[in-house]
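Residue numbers (my numbering): 3 to 53. Cβ coordinates follow ideal geometry from the N, Cα and C atoms, glycine included. Keep in mind the model is a prediction, meaning the values are calculated, not measured.
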Amino acid sequence: MAEEKASDSEDGPMMVRMELLQIKCVLLLCWSCGPLLLVHFLSKISFLKFR
């Protein structure tokens with residue numbers, strides 16, 4: 003039991019780090035994909051207009 007508790011205490015910060023990393027990845031994806039999606043939709047709209 004003592005070994006499990008020790009490993010749990012070590013995993014604690016690691017889990018928090020993983021969650022922070024996931025949040026950072028999501029924010030980065032939103033920040034990088036947002037403009038790309040806008041450009042994609044704008045190009046689609048302009049393409050339909052010019053046709």
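Between the CA atoms of residue j and residue i - distance to the nearest angstrom
| i | j | result |
| --- | --- | --- |
| MET42 | TRP33 | Per the sequence shown, residue 42 should be read as His rather than Met. So the two alpha carbons sit approximately 15 Å from each other. |
| SER48 | LEU22 | 39 Å |
| VAL18 | LEU29 | 17 Å |
| CYS27 | SER45 | 27 Å |
| GLY36 | MET16 | 30 Å |
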